[in-house]
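Enquirer: Protein chains in written order, with the working numbering: chain A, 330 to 486; chain B, 330 to 486; chain C, 46 to 467; chain D, 46 to 467.
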Amino acid sequence: MAGLEDLYREIILDHYRNPRNRGELETPPAHMAEGFNPLCGDEIQVFLHVDDDTIRDVSISGQGCSISQSSASMMTTAVMGKTVDEAHQVIRAFKAMMSIHGDDLGGDSTGEAQEPAVGLGDLEALRGVVKFPVRIKCATLAWNTLDQGLNESASAS
Amino acid sequence: MAGLEDLYREIILDHYRNPRNRGELETPPAHMAEGFNPLCGDEIQVFLHVDDDTIRDVSISGQGCSISQSSASMMTTAVMGKTVDEAHQVIRAFKAMMSIHGDDLGGDSTGEAQEPAVGLGDLEALRGVVKFPVRIKCATLAWNTLDQGLNESASAS
Amino acid sequence: MTPPPDSIDMSLDTAAIKADFPLLKQEVNGQPIVYLDSGATSQKPRQVLDTLDRYYEEINANVHRGAYHIAEQATSAMEDAREAVQRFIGAPSSSEIIFTKNATEAINLVAYSWGRANLTEGDAILITALEHHANIVPWQQLAAERGVEIRWLPLTDDGRLDLTDLDQMLDGVSLFAFSAASNVLGTLTPVRQLADAAHGAGALCLVDASQAVPHMPTDVTEWDCDFMAFTGHKMCGPTGVGVLWGRTELLDAMPPFLGGGEMILNVTREGFVPNELPWKFEAGTPPIAEIIGLGSAITYLEAIGMDAVRAHEVALTDYALRTLRERHGDDLIIHGPVDTTKRGGVLSICYRDVHPHDLSQVLDQRGICVRAGHHCAKPLMKLLGVGATARASLYIYNDESDVDLLSDGLAEAGDFFSHQPD
Amino acid sequence: MTPPPDSIDMSLDTAAIKADFPLLKQEVNGQPIVYLDSGATSQKPRQVLDTLDRYYEEINANVHRGAYHIAEQATSAMEDAREAVQRFIGAPSSSEIIFTKNATEAINLVAYSWGRANLTEGDAILITALEHHANIVPWQQLAAERGVEIRWLPLTDDGRLDLTDLDQMLDGVSLFAFSAASNVLGTLTPVRQLADAAHGAGALCLVDASQAVPHMPTDVTEWDCDFMAFTGHKMCGPTGVGVLWGRTELLDAMPPFLGGGEMILNVTREGFVPNELPWKFEAGTPPIAEIIGLGSAITYLEAIGMDAVRAHEVALTDYALRTLRERHGDDLIIHGPVDTTKRGGVLSICYRDVHPHDLSQVLDQRGICVRAGHHCAKPLMKLLGVGATARASLYIYNDESDVDLLSDGLAEAGDFFSHQPD
Ligand SMILES: Cc1ncc(COP(=O)(O)O)c(C=O)c1O
Ligand SMILES: Cc1ncc(COP(=O)(O)O)c(C=O)c1O
Chain A
330 MAGLEDLYRE IILDHYRNPR NRGELETPPA HMAEGFNPLC GDEIQVFLHV DDDTIRDVSI
390 SGQGCSISQS SASMMTTAVM GKTVDEAHQV IRAFKAMMSI HGDDLGGDST GEAQEPAVGL
450 GDLEALRGVV KFPVRIKCAT LAWNTLDQGL NESASAS
Chain B
330 MAGLEDLYRE IILDHYRNPR NRGELETPPA HMAEGFNPLC GDEIQVFLHV DDDTIRDVSI
390 SGQGCSISQS SASMMTTAVM GKTVDEAHQV IRAFKAMMSI HGDDLGGDST GEAQEPAVGL
450 GDLEALRGVV KFPVRIKCAT LAWNTLDQGL NESASAS
Chain C
46 MTPPPDSIDM SLDTAAIKAD FPLLKQEVNG QPIVYLDSGA TSQKPRQVLD TLDRYYEEIN
106 ANVHRGAYHI AEQATSAMED AREAVQRFIG APSSSEIIFT KNATEAINLV AYSWGRANLT
166 EGDAILITAL EHHANIVPWQ QLAAERGVEI RWLPLTDDGR LDLTDLDQML DGVSLFAFSA
226 ASNVLGTLTP VRQLADAAHG AGALCLVDAS QAVPHMPTDV TEWDCDFMAF TGHKMCGPTG
286 VGVLWGRTEL LDAMPPFLGG GEMILNVTRE GFVPNELPWK FEAGTPPIAE IIGLGSAITY
346 LEAIGMDAVR AHEVALTDYA LRTLRERHGD DLIIHGPVDT TKRGGVLSIC YRDVHPHDLS
406 QVLDQRGICV RAGHHCAKPL MKLLGVGATA RASLYIYNDE SDVDLLSDGL AEAGDFFSHQ
466 PD
Chain D
46 MTPPPDSIDM SLDTAAIKAD FPLLKQEVNG QPIVYLDSGA TSQKPRQVLD TLDRYYEEIN
106 ANVHRGAYHI AEQATSAMED AREAVQRFIG APSSSEIIFT KNATEAINLV AYSWGRANLT
166 EGDAILITAL EHHANIVPWQ QLAAERGVEI RWLPLTDDGR LDLTDLDQML DGVSLFAFSA
226 ASNVLGTLTP VRQLADAAHG AGALCLVDAS QAVPHMPTDV TEWDCDFMAF TGHKMCGPTG
286 VGVLWGRTEL LDAMPPFLGG GEMILNVTRE GFVPNELPWK FEAGTPPIAE IIGLGSAITY
346 LEAIGMDAVR AHEVALTDYA LRTLRERHGD DLIIHGPVDT TKRGGVLSIC YRDVHPHDLS
406 QVLDQRGICV RAGHHCAKPL MKLLGVGATA RASLYIYNDE SDVDLLSDGL AEAGDFFSHQ
466 PD
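#1: Quick check on the DSSP output: the beta strand (DSSP E) that includes Y396 of chain C runs from which residue to which?
#2: Taking all protein chains shown into account, decide if N74 of chain C is buried (16 or more other Cβ within 10 angstroms of its Cβ) or exposed.
#3: Taking Cβ positions only, does L336 of chain B come closer than 8 angstroms to chain D?
#4: Quick one: list the residues of chain D neighbouring L479 of chain A, beta-carbon separation under 8 angstroms, in chain order.
#5: What are the boundary residues of the alpha helix (DSSP H) that includes D241 of chain C?
#6: Between T120 of chain C and the rest of its own chain, which residues show a CB-CB distance below 7 angstroms, the 5 nearest in sequence each way excluded?
#7: Can you say whether A246 of chain D is buried or exposed, counting buried as having 16 or more other CB atoms within 10 angstroms of its CB?
#8: Are there three or more Cβ pairs, one per stretch, closer than 8 angstroms when the segment 64 to 71 of chain C is compared with the segment 394 to 404 of chain B?
#9: Under 9 angstroms between beta-carbons, which chain D residues line up against G457 of chain A? List them in chain order, please.
#10: Suppose you measure from the CA of T96 of chain C to the CA of Y364 of chain D; what does that come to, to the nearest Å?
#11: Measuring alpha carbon to alpha carbon, tell me which of C:A129, C:A179, C:S139 and C:E457 ends up nearest M308 of chain D.
#12: How about S224 of chain C: is its Cβ closer than 7 angstroms to a heavy atom in ligand 2?
#13: Considering only C-alpha positions, which residue in the set C:L251, C:I104 and C:G350 is nearest to W268 of chain C?
#14: For L310 of chain D, which residues in chain B fall below 8 angstroms Cβ to Cβ?
#15: Using the beta-carbon of each residue, which ones in chain C are nearer than 7 angstroms to D371 of chain B?
#16: Using CA atoms only, rank isn't needed, just tell me which of C:A122, C:Q256, C:F221 and C:I62 is closest to L233 of chain C.
#17: Applying the criterion that 16 or more other CB atoms from any shown protein chain within 10 Å of the CB defines a buried residue, is G440 of chain A buried or exposed?
#18: Using beta-carbon positions only, say whether A417 of chain D and C369 of chain A come within less than 8 angstroms of one another.
#19: Starting from A64 of chain C, trace the beta strand (DSSP E) in both directions and tell me its first and last residue.
#20: Could you tell me which residues DSSP pairs with F365 of chain A in its beta bridges?
#21: List the DSSP bridge partners of I378 of chain C.
#22: Could you say which of C:E103, C:L175, C:Q92 and C:A129 lies nearest to R91 of chain D if we only look at CA atoms?
#23: Determine the chain D residues that contact R464 of chain B at a beta-carbon separation under 8 angstroms, and present them in chain order.
#24: Tell me whether C281 of chain C counts as near ligand 1, meaning its Cβ is closer than 7 angstroms to at least one heavy atom of that ligand.
#25: Does the beta carbon of N105 of chain D fall short of 7 angstroms from some heavy atom of ligand 2?
#26: Identify which residue in C:A222, C:I343, C:I62 and C:A298 has its Cα closest to the Cα of N153 of chain C.
#27: Determine contact between the segment 277 to 295 of chain D and the segment 324 to 343 of chain C, defined as no fewer than three beta-carbon pairs at a distance below 8 angstroms.
#28: Are the C-beta of S399 of chain A and some C-beta of chain D separated by less than 8 angstroms?
#29: Just the Cα atoms here: how many angstroms apart are N480 of chain B and V258 of chain C?
#30: Let me know the beta strand (DSSP E) ranges lying completely inside the segment 406 to 446 of chain D, each 3 residues or longer, listed in chain order.
#31: Taking the straight line between their C-alpha atoms, what separation do you get for V415 of chain C and T469 of chain B?
#32: Rounded to a whole number of angstroms, what is the C-alpha to C-alpha distance between G431 of chain A and S438 of chain D?
#33: So, is T479 of chain C buried or exposed, given that buried needs 16 or more other C-beta atoms within 10 angstroms?
#34: With DSSP as the reference, label L171 of chain D as helix, strand or coil.
#35: Give me, in chain order, the residues of the same chain whose beta-carbon lies closer than 6 angstroms to that of A122 of chain D; leave out the 5 immediate sequence neighbours on both sides.
#36: Who are the neighbours of S395 of chain A on chain D, taking C-beta pairs under 7 angstroms?
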């Protein structure tokens, strides 16, 4: 069985204690997307300011455990300033890392097995989460909400 | 375990092969009551001609197994010509015999434990049925239907 | 009906299979039990019972809720069972597998959720004359509430669906709900053809496969149906679990049915947001042990192979039809198709004028379990002109000796009831 | 909160009880499991597992249908379990005991059958601020469909129902649906008083007793309620079975809910005639083994004695509240009433600023099973101003050592998450 240190890497605890890009953005111009983890009650709001196909600003509010909060914090630093296409690539890469064990039940699992060749940097610290299947939903909550937000702001503009 | 002879007494087989008072009566003056055994599909119609609080005529139609048919046949001979009160006494006595094991689920089971002191005659042959709980509903089908018919014709007149 | 008369190629090692089923070692009246009521419920192999025990002894915990070790194991065992079901019935996605308490709830789910959301006065549903009450009453409830019309597809004389007027009967129909296999006549229906006809008429179709899934390979993708329901306890699984399969697009568009825990994403005082599939339709604590037990039953059946299961039942049904008719001639009526390639191993019997209830009582005295009654198909019984039949139904653990004992029992019952008392 | 500080009179022999539960012999991470999630589901004693095995190995058959030996035995074992439930909850008649798949289905049954038949636009239902989603969502579904108003009875600061405006809130209400015990706060509600108030206002009342029936003597006659729901898996029984109790007059007048086999007296092409109680509400093959297993769980609990169960939980809860508060002081918040005579053994904990999910993860590392989340009571969580809590819930097999281990685990989690990385 995996130990606590596999899950709670220092960098994760750091992002949890000192979250980056926390707060709300004015809507509009920003767009707000909301996500729930029905299992543990975590809620997250992702504020996204997309302009000219580029993420000008992104911030996070809501509440959650160390995994969901640190994942959200790292996510903001990973996608800030990126184009929408680049952001989608990071989302795909991150989700691929989180679904090695095929635990993601929704949707068909064909195809996505290989990890796209996008560097994840600090986000690699979250790799240990896959050994704790219940926590995968914590780690992916912000990402699914970002995905949803990007789609919503694309169709709104 | 009880043997077939406990269930299928000669007198039962006789009533099954040669049912008494079989057929339909004209309605009105007679009244028809219908009963189902939801478990085995047996259906019975009891025709009742009650006049001046007395059962002037009673007959049976429908289909069923040897137990339900013979019980119905014996029932007709037992209540023919009886007053409604006397018929109710026989019904109670018969049902008491059939519920020795408290198998009758409907209603509360307080009180009715003792058998009323009414002679059952040939009907005693059905006593063995209580050893075959599934067949109790077969034996009581005609009686429940008679009971219902008596109540209906009482409220109709 | 063409195999060589005496030697039968039994594809299954029934002796080995029988040994897996503890109940079949029971005695009744000092005689080994002869279980011929698998159409009502099947017996359970040791392997499934062990799975249930292991679940309760090692990982019992409520699912989807706890972050602790055994809760994770229980959740993943349950979701593994969902994937086993998906594979077993050829469904495209495991999120289309919804666990219910039995097939009846599965059909009611469609009637309440899809039916109430889509049907109103003037709409019509087509069912068939051989349906089980589970595929009749939910539609009658809907019909009574909404003024929906119910049409009945008739049967041929030998108990197959009469398709002569199918297209005409489908005209204006929103849903065609039919069984893949009859629990009274054994009839197998041409599911793909019926689904195509339904779709051609712009209708959806629901397949009650309660008597098919346990007995032959099932592939909802090949069937091209829209909903499919079956029940765990008839296929070596525990009681208390059934399955509804449905197409994602349909399930996604349907409102939830039962409300409560698990089926929500969020609840506020103002209202609730339903969860994703499949959980949207699984309110409250699911039958966890039972679902895992069903997964184990599927593993057991897959090890035998569903083709082999079917081949065994065809051969044994053929043996039964042949030997019973040879011996009992006109004393015996067996309802349903004679061609064993068009029927399952369900034998509804009328023997002389012995009432089915009495017949089964005499058989019981010899330890032979058959079911007497209307088999929850009263409209069909009425059509057959009988109040009840005695039904012997075959499964993987039955062999020729069971059929022979049944045959002896019929003869005894005939003697007993025709013997004149005076 | 007045017992002597150190010696506790534990009325139960928890060591002997623990030995009855195979799962409690498991190890997690090399440490004996400490199961503190009985509020989600209880563990099952050997006696219940043996009953399940014996059912499947000796008498497995479909009920109410076969005239043969094992079918009779299965039927009578199931009906015996119904009588056990009747006795256990003090119901006047066993025909008022309706078996469902869980408490959630039981409440939905009332919402669909009684609710749809009786409520329309302008009617109102009163629920409370501490309900489980199972006693919220079915009413929200009904409300959305029918334009029925839902009112929420508020709470006091220490998590009891605030009855100040009860009579006013009941004005014009048709149904008052409330829990006998909260699964988050442990709060016990004054059921009889609430039922009297409801009746005084001309309303019916439904009691969600899912967290009460497993833990203390229950008597629906004394409660004088109209409907009562609970679930088998939280009281040493198997998954897959729940119970609705209702007054005969009410159940008799209600239309059927699920349609199918067993629940009919007759079916023709024109329509169906519902069966008598209780079968009218039990469509399809019931969870036979599970019902019989629930009967066995009741036998097990009765042997211990429900008064003793309650006394044990009061004493242990008192020990827990006392020792946890002594050791952890302001680091720890335990929600709900402090008076152990007004609460059950459910401890919803917030520890420093450690998120409940992280807390339960650290505890899991020590083999301690607690549940983190919203406990299917999101409106209550919102009122408490938290997204989630960690919940430890006690049962007959827990003792002081389990509480002590929990206490150690809290301290460790605090250390782990407050330790500064740089
Ligand atoms: C208070 C309360 N009501 C209802 C339920 C629902 O029980 P089930 O999930 O077995 O339907 C629960 C348990 O989760 C509960 O704690
Ligand atoms: C054809 C058919 N449909 C539906 C059912 C209902 O299954 P269950 O009682 O498990 O819901 C049965 C079995 O009784 C059946 O034979």
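Heads up, the beta-carbon is just placed ideally off N, CA and C, and yes, glycines get one too.
Expert: Considering the structure as presented:
#1: V391 to Y396
#2: exposed
#3: no
#4: Per Cβ cutoff of 8 angstroms: no residues; L479 of chain A is ~25 angstroms from chain D at best.
#5: V236 to G245
#6: V108 and H109
#7: buried
#8: no
#9: The contacting residues do not exist; G457 of chain A stays about 12 angstroms from chain D at best.
#10: 38 angstroms
#11: C:A179
#12: yes
#13: C:L251
#14: F365 and P367
#15: G432
#16: C:Q256
#17: Low confidence applies here, because G440 of chain A scores a pLDDT of 41, under 50, leaving its location unreliable; read the following figure in that light. Classification for G440 of chain A: exposed.
#18: yes
#19: Counting along the chain, A64 of chain C falls outside any beta strand (DSSP E), though it belongs to the alpha helix (DSSP H) covering T59 to A64.
#20: A:E372
#21: C:C395
#22: C:E103
#23: A112
#24: no
#25: no
#26: C:A222
#27: yes
#28: no
#29: 48 angstroms
#30: 416 to 418 and 434 to 438
#31: 23 angstroms
#32: Its pLDDT being 43, under 50, G431 of chain A is placed unreliably by the model, and the measurement read from it follows with that caveat. Going from the Cα of G431 of chain A to the Cα of S438 of chain D covers about 33 angstroms.
#33: No answer is possible for residue 479 of chain C: it lies beyond the span of chain C, which begins at 46 and ends at 467.
#34: strand
#35: I337
#36: H400 and D403
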